[in-house]
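A.B. asks:
Numbering (mature numbering (1 follows the signal peptide of the UniProt record, and there is no 0)), first residue to last: -33 to -1, 1 to 174.
(1) Can you give the Cα-Cα distance for residue 27 and residue 62, rounded to whole angstroms?
(2) Quick check on the DSSP output: the beta strand (DSSP E) that includes residue 167 runs from which residue to which?
(3) Can you tell me which of the three DSSP states residue 136 falls into?
(4) Do residue 92 and residue 134 have their CB atoms nearer than 9 Å?
(5) Excluding the five sequence neighbours on either side, which residues of its own chain have a C-beta within less than 8 Å of the C-beta of residue 126, listed in chain order?
(6) Judging by CA-CA distance, which residue of 24, 119 and 174 is the nearest neighbour of residue 100?
(7) Straight-line CA distance for residue 104 to residue 98?
(8) For the putative contact between residue 88 and residue 132, defined by C-beta atoms under 8 Å, what is the C-beta separation to the nearest angstrom?
Structure, rendered in structure tokens:
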């Protein structure tokens, strides 16, 4: 099960959000909260422990776009797509309390790009599975982040890569896949890379 986050919620409230393609709102280590789907498919989903937990309230359910928006005090609103699990839209309700536990993000794509222009990392989030009880709904969300960023740090001991995108936001993400670790070892400070990483979220709601 998997999850993600969203700063474009204002547009969402106007029902113009595109199935959870969201302008990045921190998906780093650790934080609440990746264009290489083939690479993602070849990597086993890590079973890492939760690195952050957030609490919020469902503030919008967009049936037309299969979108759920969550308001989190002191943070950007979250938005995720239930397009592949539309029945979730009929189970949860506006006003439901939500708890989200984020797992450590992991890199699924890493390509050096000489002279490439920086971009903001974009991300999508979608429900991947869910269960419903009498008074609680649990589901997982997968968030996928992707864009061109600049390398600002490489921790060879921990295989931790720190990058900064066009917005100036720094993110540190673990690199565990052997082929991507090899790529990371060749990177230097200020190298430009296209990076793709994924972050999972376990969510539960209650009334």
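All C-beta atoms in this analysis are idealised placements derived from N, C-alpha and C, irrespective of residue type, glycine included.
Predicted model only: the values in this text are computed from it and were never measured.
C.D. replies: This is what the structure holds:
(1) Here residue 27 refers to the residue found at position 60 when the chain shown is read from its first residue. Here residue 62 refers to the residue found at position 95 when the chain shown is read from its first residue. Cα to Cα, the separation comes out at about 9 Å.
(2) Start at 1 with the first residue of the chain shown, and residue 167 comes out as number 200. Run containing residue 167: 159 to 173, per the beta strand (DSSP E) assignment.
(3) By one-based count along the chain shown, residue 136 stands at place 169. If DSSP states are grouped into helix, strand and coil, residue 136 belongs with coil.
(4) Residue numbering aside, residue 92 sits at position 125 when the chain shown is read from its first letter. Residue numbering aside, residue 134 sits at position 167 when the chain shown is read from its first letter. The answer is no: Cβ separation not under 9 Å.
(5) Within the chain shown, residue 126 is the residue found at index 159, counting from 1. These residues qualify, in order along the chain: 141, 142, 143, 148 and 151.
(6) Along the chain shown, one-based indexing puts residue 100 at 133. Selected option, being the one with the closest Cα: 174.
(7) By one-based count along the chain shown, residue 104 stands at place 137. By one-based count along the chain shown, residue 98 stands at place 131. Near 6 Å, if we compare the C-alpha coordinates of residue 98 and residue 104.
(8) The residue given as residue 88 occupies position 121 in the chain shown. The residue given as residue 132 occupies position 165 in the chain shown. Right, their Cβ atoms sit about 5 Å apart.
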